[in-house]
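Worksheet for the structure shown next.
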């Protein structure tokens, strides 16, 4: 075992873009006045300083996580096999394709090996570029081969430094988003500081480097920053076109690097849909964003050899349905409150029905079942009936797919982040409800201003988007812990924006009858500075201690296993075992696998369930027949799975297999009434007794404190 460590006036924002702004540099006819010379110089100076600070903070974050990684593993001093073992589970699988491309005789041969791969799944040739999001590994390996850096930098360092460099892009994007929302780079600095001090809950890049989300989330943050700028009023046509291009590129790269992109962008599309229905975003821009999402995903689909899971995604069905429904209901945003609400309900129902029909039609045509395990998991998770489905239960029993632990909020509160976030969320939610009601009811904003100037509530489009974005992704994080990194990073942006926002403090002070422009400016800058000083004072010593703490990678049993496999088995040998371990076997030894952790394929899920019968109550003959049907030469049994204590009864792997097979689970506790005792003992336990019924099929060839390797007899 390893030892490591919107400002909207009147009816909606769309109208606002064609009407006068409250800003001082906008004429009554809506044209923007040029800034005075002094103001222009100050803006240039502010942008320059803010940009320098952004780049500096981004680079410091990159160095910080790289240092933590080095200190935790002593990565520079350990052997290559230990470095590769440190890329656990699916991380090792992804990195293996980078290594494969580096070691190929030529780029063409490397690409051919990925397109016609017969070592990732035995007795089956698959297209890795279609099945997995590994274009980043392909691009990086080609870059490494053509750049004159081989003498100075090892391939593994080029890989991990690229990922750590992307963290700089990530933090800069968060910084810029907060800056755009608030109008001051101080907000961006606060967002970056919160990201760093809440590192445990905002990123896990330092110990899961090749994970797909570590590639994708920086591009997602860039996309959100570009959308934030796009939604601003009074953009010039050239600015709008360039911003749309930036959104498209970021969307494309995000989609290309993560298999779960379609689900994240579906939530984003829902946010756009909600705000468009409430007349809080300009419809033309929302339409462009829908089209960008579809086109970006379709381009990825082409690059992934027309991956059917992308074509059958709910995102494409939803976006197409929204565009069709909008064409059918042309007068959606006209009429009084009740009429608008009625139209809105019909619109939502129409979009929902169209989405389901289009999606079902596509899946029927393509015979698509690759993502059925996700919907089984969601159905079981949200209480729509119990399930004995092995794949769904495998997800349900993993802590990462459980509810967000409560101690997360105590950690986020220790840096004041959660308190500020809750405060800003409450204020902007109230403002959004008022603005949405005003938009739907068609109330006359001018009369409201004449009578109650100090109580006018507005919400900029970009602020409205950020609000709904954080609410939806917050719901996702609360329901599924693994997705918290999408929420917590944006939480830093949202909280810092609120604390540095003129609109937020103006709303509070007007409500308290204390508003003056000077007082607003003083509070807008003083409270964030005090917060920054508090964070620095409290957490700087801890960060220094963390950077000085030195550890070392230590996993002798796995190292011994990998060395034995490389030295004592043929290159063509086929290995069976747990998904997590086999990813390491492929990376460290290059041997052929029966199964692996990339679970987005129905055939592979069925195969994995069959391979895992080595931990179920099955006869030796049955297990041998199953393994040999996949061409297995060696099987690796792990005591940590066979005698698992990490999960409670009902969630251990052997329990999931027993229930799926209709057998009673081990240990004291209740069993469902239709479960029956098995006729055979547990295979992984009984094989160690060297009984004749087992030795005629399996011969032990290696063992240590953690692993037992058996060679399969080749008789029928």
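Residue numbers (the numbering used here): 156 to 871. Each residue gets a CB set at the ideal place from its N, CA and C atoms; glycine is no exception.
Beta-carbon contacts of residue i that lie in its chain and below 7 Å, excluding the five residues immediately before and after
{"i": "residue 420", "result": "448, 470"}
{"i": "residue 628", "result": "422, 641, 642, 645"}
{"i": "residue 796", "result": "733, 770, 808"}
{"i": "residue 262", "result": "297, 300"}
{"i": "residue 186", "result": "For residue 186, the pLDDT reaches just 46, beneath the cut-off of 50, and the residue's location in the model is therefore unreliable, although a value from the coordinates is still provided. So no residue of the chain qualifies."}
{"i": "residue 460", "result": "282, 284, 285"}
Residues of its chain near residue i, where Cβ-Cβ distance is below 6 Å and the 5 sequence neighbours each way are ignored
{"i": "residue 858", "result": "none"}
{"i": "residue 291", "result": "370, 412"}
{"i": "residue 741", "result": "251, 748"}
{"i": "residue 822", "result": "804"}
{"i": "residue 197", "result": "none"}
{"i": "residue 239", "result": "742, 743"}
{"i": "residue 595", "result": "492, 495"}
{"i": "residue 417", "result": "468, 470"}
{"i": "residue 184", "result": "Any answer about residue 184 is weak, because its pLDDT of 43 lies below 50 and its placement is not dependable; what the coordinates show is given next. No residues qualify anywhere along the chain."}
{"i": "residue 713", "result": "240"}
{"i": "residue 498", "result": "487"}
{"i": "residue 774", "result": "835"}
Distance between residue j and residue i (C-alpha atoms, nearest Å)
{"i": "residue 277", "j": "residue 760", "result": "14 Å"}
{"i": "residue 562", "j": "residue 779", "result": "46 Å"}
{"i": "residue 853", "j": "residue 253", "result": "34 Å"}
{"i": "residue 351", "j": "residue 783", "result": "50 Å"}
{"i": "residue 861", "j": "residue 809", "result": "17 Å"}
{"i": "residue 584", "j": "residue 322", "result": "31 Å"}
{"i": "residue 348", "j": "residue 690", "result": "8 Å"}
{"i": "residue 621", "j": "residue 330", "result": "14 Å"}
{"i": "residue 802", "j": "residue 548", "result": "13 Å"}
{"i": "residue 485", "j": "residue 478", "result": "11 Å"}
{"i": "residue 542", "j": "residue 466", "result": "28 Å"}
{"i": "residue 295", "j": "residue 312", "result": "12 Å"}
{"i": "residue 377", "j": "residue 284", "result": "25 Å"}
{"i": "residue 715", "j": "residue 737", "result": "15 Å"}
{"i": "residue 358", "j": "residue 408", "result": "19 Å"}
{"i": "residue 841", "j": "residue 787", "result": "20 Å"}
{"i": "residue 510", "j": "residue 488", "result": "22 Å"}
{"i": "residue 791", "j": "residue 813", "result": "20 Å"}
{"i": "residue 544", "j": "residue 815", "result": "7 Å"}
{"i": "residue 835", "j": "residue 228", "result": "43 Å"}
{"i": "residue 818", "j": "residue 535", "result": "21 Å"}
{"i": "residue 837", "j": "residue 270", "result": "39 Å"}
{"i": "residue 820", "j": "residue 552", "result": "15 Å"}
{"i": "residue 480", "j": "residue 517", "result": "18 Å"}
{"i": "residue 869", "j": "residue 844", "result": "21 Å"}
{"i": "residue 698", "j": "residue 704", "result": "10 Å"}
DSSP bridge partner residues for residue i (one or two, in chain order)
{"i": "residue 792", "result": "863"}
{"i": "residue 729", "result": "747"}
{"i": "residue 800", "result": "Beta-bridge pairing links residue 800 to no other residue."}
{"i": "residue 853", "result": "867"}
{"i": "residue 536", "result": "Residue 536 pairs with nothing; no bridge assigned."}
{"i": "residue 858", "result": "863"}
{"i": "residue 272", "result": "281"}
{"i": "residue 831", "result": "818"}
Same chain only: Cβ atoms within 8 Å of residue i, ignoring 5 sequence neighbours per side
{"i": "residue 597", "result": "166, 490, 491, 492, 495"}
{"i": "residue 396", "result": "none"}
Distance cut-off 7 Å: residue i Cβ against heavy atoms of the ligand ATP
{"i": "residue 735", "result": "Here there are no bound small molecules, and the ligand ATP is not part of this structure."}
- [ ] Taking 8 Å as the threshold, find out whether the region 225-241 comes into contact with the region 274-291 through three or more Cβ pairs.
- [x] no
Open item on the list: Check whether the region 335-343 and the region 294-301 touch, using three or more Cβ-Cβ pairs below 8 Å as the test.
Closed with: no
Task: the region 549-561 contacting the region 390-406, beta-carbon criterion three pairs below 8 Å - done: no
Open item on the list: With three or more beta-carbon pairs closer than 8 Å as the criterion, would you say the region 425-432 touches the region 449-456?
Closed with: no
TODO: Ignoring anything shorter than 4 residues or poking outside the region 461-521, list the alpha helix (DSSP H) runs there in chain order.
DONE: 463-466, 469-483, 492-521
TODO: Examine the Cβ distances between the region 213-224 and the region 708-728 and report whether three or more of them are shorter than 8 Å.
DONE: no
Open item on the list: Across the region 660-675 and the region 351-363, are there enough close Cβ pairs to call them in contact, namely three or more that are closer than 8 Å?
Closed with: no
Open item on the list: For a minimum of 4 consecutive residues, which ranges assigned as the alpha helix (DSSP H) are wholly contained in the region 336-398?
Closed with: 340-352, 354-357, 367-385
- [ ] Decide yes or no for the touch test of the region 575-593 against the region 431-443: beta carbon pairs closer than 8 Å, at least 3 of them.
- [x] yes
Open item on the list: With a threshold of 8 Å, are at least 3 pairs of Cβ atoms found where one atom belongs to the region 644-664 and the other to the region 677-686?
Closed with: yes
- [ ] Write down every uninterrupted run of the alpha helix (DSSP H) in the region 746-777 whose length is 4 residues or greater and which is fully enclosed by it, in chain order.
- [x] 757-766
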